[in-house]
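The numbering of the sequence shown is the working numbering, which starts it at 578 and goes up by one. A short write-up of the structure that comes next.
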Amino acid sequence: MEGHIAHCRRVFRARRRKLVSTIVLLAMAILVLRTFTVLSRTAFSTKFPSSSHDKDFSYQSIRYGKLTLLSDLQKDKVLKDKQFRDDADLGNDEDPKNGFFFDNDKDSVGGIFTLKRTKERDEKSNNLKNGFDFISDGNGEANLPLEKTEILDNELVNIQSLSVNSRNLEMDSVAINSSTSGSLSNSTTLGKKQKWVMPPLSISELNSLLLKNRASRRSMRPRWSSELDKQMLVARKEIENAPVVKHDGQLFAPLFRNFFKFKRSYELMENTLKIYIYEEGEKPIYHQPFLTGIYASEGWFMKLMETNAHYVIKDPTKAHLFYMPFSSRLLQFALYRPRYRGRTNSGQFPDKIILREHLKNYVLKISTKYPFWNRTGGTDHFLAACHDWAVYETRKVMDRSIRALCVADLRVGFQLGKDVSLPETYVRYSKNPLKDLGGRPWNRRLFLAFFAGNLHGELRSILLQHWENKDPDMKIFSPASLRANKSKMNYIQYMKNSKYCICPRGYEANSPRLVESIFFECVPVIISDNYIPPFFELLNWEKFSVIVPEKDVFRLKEILVSISESEYRELQMGVKKVQQHFLWHNKPVKYDLFHMILHSVWHNRVYNIKPR
């Protein structure tokens, strides 16, 4: 009996040891599994946004007094014009996040509130930062800073159908035209962030790139054939075989790459082109043109397009092109809420994603209701957008469409030969956009060169470091030095009295100074590598401008004084001749800015359309 009990005890001890060993092994396995799970989550978190932010991306309503800004098409927002004269004297620069300019005219957009430029001091850097305050109409909260808006719980309107699912968001990278003929340099490391840097391309290289892109572009073939497509293919043949014609006196032939092709293309546009404008979308983002300030180009084009009886038709089945009438500036103004200071693990700005998602839902709406987007993948659709974020907002969503963009920079995704370089025009008076037009004759201009503006970007700092208060012939001013200048001349008077007007890149490649120079008959000096000037596919910019590589900014005076008087006179005459193509009119006239933008859209579609 005792032996049996001892045997049972030994068996029990052995089984207990096995059980303990099993439990220990199981615990170790769980620990190892958890460790690898955490590591895998960490590894993939840099590629995919966390779904924990979904609740933060729902579209909401922001209310200021009488005004409600809805993320989807719910209520109208109207703006009261208010001009900031101080900025007019500094070259109309803007902060890309906060810049907003108004005119004293009240016919641009009716008003409930105005905006006032403010300055707030960064506590860490002790630097002034641009911002804007809302000025109440007397019936709501006053002076709510745009950058510090608190949304009250009872004011939120959650639109479930437009909530952003961060799991479905596509990741971005620095978009560079894959067709470029220039070689890409090695990646530059900025901390943990790497990006490709495109080397500067000369004018001749850009010309070659344009031809190469046209020959190699993979535009989507229509899913089914259309007689309208055949008309555009016939138009392309007629343009290529354009006859030699006499000059009509309205155009200056040396300004054009091929005067006869442009002439024939413009005639075919007038006789052939029909456009359908989508009625979908409500104000303020859609169908509400904003006519003053540095983003006025998209507003003027929208206004003149929607009121045009010659090109616009009501029957979409007879349209060659389809216009999506939204304002990139009002999209940013209505929906952007800077809730996150910095990037997520995925490298994106969550608050900016909302803007793209809004356009994505707009495309979904028109592609569901109509068959036209799906037939071509959007290649026969076009838009005009001047805000700095327009490239980001339309990337992937409208990449195949013809995008008329002010930010015509190859380094950020502008596609030469398909997209259109939209002139950035600073309109001071919407009732009279031609006020103050012109300048002094070529032989009565007092100064060699002029620039005044905010120090946006590194290039302008270098420009001022080399030239501010260094040479009496070079009138190069920072905001402070222009205000301290003893001369009674203001910004416009300097432009009217200078031979050359310097147009350096700021935060972005484009600048309103380029069109301002032409407006005041001052020869523009473009210092912005890989920027595509407006109507590049049509105009010969070397006939009326000087293009200087960014690396040669310290040689600026040397380059300008090397231009002989006769050469300068030809350049200045070219500026006066090309001026008509950069002017807005309340009633469009032949060859004006409205028609030139429209022609570039038509021209790029004609050269990119694929037969079925």
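Glycine is no exception: its CB is placed at the ideal position from the N, C-alpha and C atoms. Being a predicted model, the structure only gives us computed values, none of them experimental.
Which residues share a DSSP beta bridge with residue i?
i	result
residue 1108	986
residue 1052	1027
residue 980	960
residue 1103	1080 and 1124
residue 993	996
residue 870	1004
residue 811	Residue 811 is not bridged to any residue.
residue 903	863
Short check: CB of residue i to CB of residue j, under 9 Å?
i	j	result
residue 828	residue 1165	no
residue 1051	residue 953	no
residue 897	residue 960	no
residue 818	residue 988	no
residue 877	residue 1161	yes
residue 1069	residue 1102	no
residue 980	residue 962	yes
residue 883	residue 861	no
residue 1030	residue 1022	no
residue 868	residue 1004	yes
residue 982	residue 993	no
residue 908	residue 970	yes
residue 901	residue 947	no
residue 1138	residue 1094	no
residue 1187	residue 776	no
residue 1099	residue 1065	no
residue 1097	residue 1014	yes
residue 1184	residue 813	yes
residue 886	residue 1002	no
residue 783	residue 1113	yes
residue 1168	residue 843	yes
For a test of the three-state rule: what should DSSP assign to residue i, helix, strand or coil?
i	result
residue 829	coil
residue 595	helix
residue 998	strand
residue 1116	strand
residue 958	strand
residue 1005	coil
residue 1025	strand
residue 1151	helix
residue 974	coil
residue 1092	helix
residue 1195	As shown, the chain starts at 578 and ends at 1189. That puts residue 1195 outside it, with no answer to give.
residue 910	helix
residue 1145	helix
residue 1168	coil
residue 583	helix
residue 1186	coil
residue 928	helix
residue 1176	helix
residue 1058	helix
Provide the residue span of the beta strand (DSSP E) that contains residue i, from first to last.
i	result
residue 1079	1075–1081
residue 900	898–900
residue 854	852–854
Skipping 5 residues on each side, what residues in its chain have a beta carbon closer than 6 Å to that of residue i?
i	result
residue 1155	832 and 1121
residue 805	897
residue 1146	1019
residue 543	Since the first residue shown for the chain is 578 and the last is 1189, residue 543 is missing from the structure and cannot be characterised.
residue 718	No answer about residue 718 holds up, because its pLDDT of 32 lies below 50 and its placement is not dependable.
I want to check one thing, is the minimum distance from the CB of residue i to the heavy atoms of the ligand SAH below 8 Å?
i	result
residue 1090	In terms of ligand content, the structure shown is empty, and the ligand SAH therefore cannot be addressed.
Suppose the cutoff is 8 Å on Cβ atoms and the five residues either side in sequence are ignored; what does the same chain contact list for residue i look like?
i	result
residue 1134	1025, 1026, 1044, 1048, 1050 and 1051
residue 1130	1036, 1039, 1040, 1043, 1081 and 1104
residue 1117	831, 832, 833 and 834
residue 1178	898, 959, 979, 981 and 997
residue 966	673, 905, 909, 929 and 932
residue 1012	1005 and 1006
residue 903	858, 862, 863, 936, 939, 960 and 962
residue 821	837
May I ask which residues mark the beginning and end of the alpha helix (DSSP H) holding residue i?
i	result
residue 1014	It is not in any alpha helix (DSSP H) - residue 1014 carries neither H nor E in the DSSP assignment.
residue 886	Counting along the chain, residue 886 falls outside any alpha helix (DSSP H), and DSSP gives it neither H nor E.
residue 789	780–793
residue 1138	1133–1138
residue 1036	1035–1044
residue 949	949–953
Closer than 7 Å by C-beta to residue i: which residues in its own chain qualify, once you throw out the five before and the five after it? Chain order, please.
i	result
residue 1034	1082, 1083 and 1084
residue 943	855, 857 and 950
residue 587	none
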